[in-house]
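Some notes on the structure that comes next.
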């Protein structure tokens, strides 16, 4: 056994280890999703110099600061339009947006639906902890009805978004939902979107033991993982209209949508070359090789 | 004879116990000792059962543990993701 | 370096300021624009949308100005030169990302074809009331560069300069047009590409590993890299250290924010851009900018005809404010007369710069039109008394 080489965590090269330990709470699932993402990237055999991560603001927005890739921590809700500009200026990049439910669907909701409509070739990973965690646990667009939050002390009475249905209706090419319990499936799904062209969306339910589960007497991170295990049903291909989440009900997981649509650049190129013929000039990307 | 092993970075651990709970062969238990931040990190209690599947590594939100297969490590290959 | 000839529409044109601004952007090397329709600025991106597919680049119409103003920054970090165009209400929405560009030192240009405000105000009519917003609109302390053209020719020339300054200082540059200049059609001469000087991106020559994204050079401006080049760098709007990592403490904040201010303030003399005339013997100086400077010209002539020694100081660069220049001028004249289509935004800056050495007389206009020369003349006559 003494001949064994030094063994390092396979995800280590993808992390800014000098910044560890990270800021996420004990039992928070964001790190688990990053772990899956790192493994999916390694398995994809992609040139990691060509993968960029763009985050918004919030706990999940901090992902950009921990992955050892070109990474952009942008403004609240605007990761998607930033990513759109980055991708269009350098189409050789794989651009992944990594952010949370509040960032992507409240303040950034408009950008989400329009990027899906355009089918911009970006991959959106939404860590859904059902709450605004960084600011102390306020109601968000994905907070289920009756859940207690910092700004809904008597229980939330707004309906929540069904994120997967919204993504599909807006035009996403790929829509899946997993939880942090489903690490293998999540890793596989992340690998699939890295191979797919177009606007892809993965929702990952993740514990926020500090601010969501605690207030709702749902235990700690581990209890939440067991809850996910117990409540989840794999329903690949289910109509997204049937996968809405409730506070205590079934959690439908799986790949719901996987379809082919021309992406933004393809549509642009097709139309402009049809109309302009030889006069159409592709954008020269100074960085592309 | 164990087919695998785990490597634990005690100082990165925040004691969530995901690895302990979801290890398919129950190799791990939480240590009674604290790390410098006051968390109980996992420790190996049944090494002979470890298959090196690295599920602990996938679950870990703190990049503090990972599993590896002895055969692959001996073959000078960096352990893959399992 | 010389402009890429593909973007330079060399020749003599009869076009309006909005179109000239678009040509300036193309000549400067802008190959990416994101926008959202708003009167009276839309013609800039309409022309860009028509022109760019044959030059080689992208125009994308975004869902709002919040998006447009950050999409361009994504494009810049992807390697492009990029800009966005708007007017007052859209400019208000863009404030968030003017701050982001200032903080992350992302070179880009924001064109504001000013109309009357506040709020929706006067969509089709002129004003110059966003001058202070251009300076202070985003939260926090930062310094900005702003230029103000007074003709379609300058819309071309100064748009090129706006891009060059944004690259040199790695800062967002505000291009403060107004509805009149934007919609005024005049002769615009676009020179051959080899006569258009373009400032290249300050790309580092350091290898990955030896490069820190926010390590300043001697002029306090750090060098840049782009995504996809292997640097694996990090950018954030949070207070950051030289590695670009969040580092939120008093010392890092102090170092960063003071550098962001100083890199521009220290260059005040270089950034002082004025167009002056008749100052040798002037007692009264009309300080103006944009369309108002053209009305002021008539008032200055009328004053001279009446024997009053009036002169012109037109601000081409409005921010950083040419403090030292106006202070020196104030020491040898009686008064500044400052006409502007707002209720005294730049007049107060003139007064501050004069520091009591000369009187400052604002000539205000609430927007929707331009001054009558007589109104400015009266102020000149009063100043001369």
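Residue numbers (the numbering used here), protein chains in the order written: chain A, 57 to 345; chain B, 341 to 422; chain C, 629 to 1013. Don't be surprised by glycine CBs; every beta carbon is placed ideally from N, CA and C. This structure is a prediction, so every number in the text was calculated from the model and none was measured.
Problem - Straight-line Cα distance separating residue 966 of chain C from residue 877 of chain C - result: Position 249 of the third chain, counting from 1, holds the residue named residue 877 of chain C. Position 338 of the third chain, counting from 1, holds the residue named residue 966 of chain C. For residue 877 of chain C and residue 966 of chain C, the distance between alpha carbons rounds to 42 Å.
Handout entry: DSSP bridge partner residues for residue 689 of chain C (one or two, in chain order)
Key = Taking the first residue of the third chain as 1, we reach residue 689 of chain C at position 61. BP columns for residue 689 of chain C point to C:663.
Handout entry: Buried or exposed by the 16-neighbour rule on C-beta atoms within 10 Å, applied to residue 817 of chain C
Key = Mapped onto the third chain, residue 817 of chain C falls at position 189. Residue 817 of chain C comes out exposed.
Exercise for the section: Please name the residue in C:947, C:860, C:917 whose C-alpha comes closest to that of residue 897 of chain C. Expected result: Against the third chain, residue 897 of chain C aligns to sequence position 269. The shortest Cα separation from residue 897 of chain C among C:947, C:860, C:917 belongs to C:947.
Exercise for the section: Flag this pair as touching only if the segment 707-721 of chain C and the segment 649-667 of chain C have three or more C-beta atom pairs under 8 Å; answer yes or no. Expected result: yes
Practice task
Could you tell me whether any Cβ in chain B is nearer than 7 Å to the Cβ of residue 197 of chain A?
Solution key: As a first step, residue 197 of chain A is located in the first chain; it is residue number 141 there, counting from the start. By this cut-off, residue 197 of chain A is not an interface position.
Exercise for the section: Report the rounded CA-to-CA distance for residue 423 of chain B versus residue 970 of chain C, giving the unit in angstroms. Expected result: No answer is possible for residue 423 of chain B: the residues shown for chain B start at 341 and end at 422.
Exercise for the section: Pick out the complete alpha helix (DSSP H) segments inside the segment 189-272 of chain A, 4 residues or longer, and give them in chain order. Expected result: 219-226, 239-251
Problem - Alpha carbon of residue 157 of chain A to alpha carbon of residue 113 of chain A, nearest angstrom - result: The sequence position of residue 157 of chain A within the first chain is 101, counting from 1. The sequence position of residue 113 of chain A within the first chain is 57, counting from 1. C-alpha separation (whole angstroms): 10 Å.
Handout entry: Identified DSSP bridge partners for residue 990 of chain C
Key = Stepping through the third chain from its first residue, residue 990 of chain C is reached at position 362. According to DSSP, residue 990 of chain C bridges with C:966.
Exercise for the section: Indicate whether at least one CB of chain A lies closer than 7 Å to the CB of residue 735 of chain C. Expected result: Locating residue 735 of chain C in the third chain gives position 107, where the first residue counts as 1. So, not an interface residue.
Problem - Nonlocal neighbours in the same chain, by C-beta distance under 8 Å from residue 199 of chain A, ignoring five residues either side - result: Counting from 1 along the first chain, the entry for residue 199 of chain A is found at position 143. These residues qualify, in order along the chain: 186, 187, 205, 208, 212, 214, 216.
Handout entry: Residue(s) in a DSSP beta bridge with residue 714 of chain C
Key = Translated into positions along the third chain, residue 714 of chain C becomes position 86. Looking at the DSSP assignment, residue 714 of chain C forms a beta bridge with C:740.
Exercise for the section: Taking only the alpha-carbon atoms, compute the straight-line gap between residue 657 of chain C and residue 709 of chain C and give it to the nearest angstrom. Expected result: Here residue 657 of chain C refers to the residue found at position 29 when the third chain is read from its first residue. Here residue 709 of chain C refers to the residue found at position 81 when the third chain is read from its first residue. If I take the Cα positions, the gap works out to 6 Å.
Handout entry: Close beta carbons around residue 418 of chain B, own chain, < 7 Å, minus the five adjacent residues each side
Key = Position 78 of the second chain, counting from 1, holds the residue named residue 418 of chain B. In this prediction, residue 418 of chain B scores a pLDDT of 49, lower than 50, which makes its location untrustworthy; no coordinate-derived value is stated.
Practice task
Flag this pair as touching only if the segment 720-736 of chain C and the segment 775-790 of chain C have three or more C-beta atom pairs under 8 Å; answer yes or no.
Solution key: no
Practice task
Determine which residues of the segment 251-285 of chain A have a Cβ less than 7 Å from any Cβ of chain B, and write them out in chain order.
Solution key: 277, 278, 281
Problem - Inter-residue spacing [alpha-carbon to alpha-carbon] between residue 298 of chain A and residue 219 of chain A - result: The residue given as residue 298 of chain A occupies position 242 in the first chain. The residue given as residue 219 of chain A occupies position 163 in the first chain. So the two alpha carbons sit approximately 12 Å from each other.
Handout entry: chain C contact residues for residue 54 of chain A, given Cβ-Cβ distances below 7 Å
Key = Any answer about residue 54 of chain A is impossible in this case: the structure gives chain A only from 57 up to 345.
Practice task
Please look up how many angstroms separate the CB atoms of residue 116 of chain A and residue 183 of chain A, rounded, as I've assumed it's under 8 Å.
Solution key: Here residue 116 of chain A refers to the residue found at position 60 when the first chain is read from its first residue. Here residue 183 of chain A refers to the residue found at position 127 when the first chain is read from its first residue. The pair is a contact, with the Cβ atoms about 4 Å apart (cut-off 8 Å).
Handout entry: Anticipated Cβ contact below 8 Å, residue 291 of chain A with residue 305 of chain A, distance rounded
Key = By 1-based counting over the first chain, the position of residue 291 of chain A is 235. By 1-based counting over the first chain, the position of residue 305 of chain A is 249. About 13 Å; that fails the 8 Å criterion.
Problem - Cross-chain neighbours of residue 307 of chain A in chain B, by beta carbon under 8 Å - result: The residue labelled residue 307 of chain A in the question sits at position 251 within the first chain. Going along chain B, no residue has its Cβ under 8 Å from residue 307 of chain A, so there is no contact; the nearest lies around 17 Å.
Handout entry: residue 854 of chain C at chain A interface by Cβ criterion, 7 Å
Key = For the purposes of this step, residue 854 of chain C is identified with residue 226 of the third chain, where counting begins at 1. Chain A contact via Cβ: present.
Problem - Other residues of its chain near residue 247 of chain A: CB distance less than 7 Å, five sequence neighbours each side excluded - result: As a working note, residue 247 of chain A is residue 191 in the first chain. 96, 99, 100, listed in sequence order.
Practice task
Have a look at residue 328 of chain A and residue 736 of chain C and give me their C-alpha separation to the nearest angstrom.
Solution key: Your numbering for residue 328 of chain A matches position 272 in the first chain. Your numbering for residue 736 of chain C matches position 108 in the third chain. Roughly 26 Å separates the two Cα atoms.
Handout entry: N- and C-terminal bounds of the beta strand (DSSP E) containing residue 806 of chain C
Key = Translated into positions along the third chain, residue 806 of chain C becomes position 178. Residue 806 of chain C -> beta strand (DSSP E) spans 800-806.
Exercise for the section: Spell out whether any CB of chain A is found under 7 Å from the CB atom of residue 674 of chain C. Expected result: As a working mapping, residue 674 of chain C is identified with position 46 in the third chain. With 7 Å as the cut-off, residue 674 of chain C does not count as an interface residue toward chain A.
Exercise for the section: Find the residues of chain B that neighbour residue 87 of chain A, judging by a C-beta separation of less than 8 Å, and give them in chain order. Expected result: As a working note, residue 87 of chain A is residue 31 in the first chain. The answer, in chain order, is 400, 401, 402, 403.
Practice task
Give a yes or no on whether the minimum CB-CB distance between residue 361 of chain B and chain A is below 7 Å.
Solution key: Position 21 of the second chain holds residue 361 of chain B. Answer yes: the Cβ-Cβ gap between residue 361 of chain B and chain A drops below 7 Å somewhere.
Exercise for the section: Can you say whether residue 74 of chain A is buried or exposed, counting buried as having 16 or more other CB atoms within 10 angstroms of its CB? Expected result: On the first chain, residue 74 of chain A is found 18 positions in, with the first residue counted as 1. Label assigned to residue 74 of chain A: exposed.
Practice task
Would you verify that the beta carbon of residue 421 of chain B is, or is not, closer than 7 Å to some beta carbon of chain A?
Solution key: Position 81 of the second chain, counting from 1, holds the residue named residue 421 of chain B. With a pLDDT of 43 at residue 421 of chain B, under the threshold of 50, the modelled position of this residue cannot be trusted; read the value that follows with caution. Chain A contact via Cβ: present.
Problem - residue 288 of chain A vs residue 85 of chain A beta-carbon contact at 7 Å - result: For the purposes of this step, residue 288 of chain A is taken as the residue at position 232 of the first chain. For the purposes of this step, residue 85 of chain A is taken as the residue at position 29 of the first chain. No, the Cβ-Cβ distance between residue 288 of chain A and residue 85 of chain A is not below 7 Å.
Exercise for the section: Note down, one range per segment and in chain order, each alpha helix (DSSP H) of at least 4 residues found wholly within the segment 725-785 of chain C. Expected result: 759-764
Handout entry: Coarse secondary structure for residue 137 of chain A, derived from DSSP in three states
Key = Counted from its first residue, the first chain places residue 137 of chain A at position 81. Residue state, collapsed to three classes: helix.
Problem - Residues that DSSP places opposite residue 182 of chain A in a beta bridge - result: One-based indexing of the first chain puts residue 182 of chain A at position 126. BP columns for residue 182 of chain A point to A:155, A:259.
Problem - chain A residues whose Cβ lies nearer than 8 Å to that of residue 865 of chain C - result: Along the third chain, one-based indexing puts residue 865 of chain C at 237. Per Cβ cutoff of 8 Å: 129, 130, 131.
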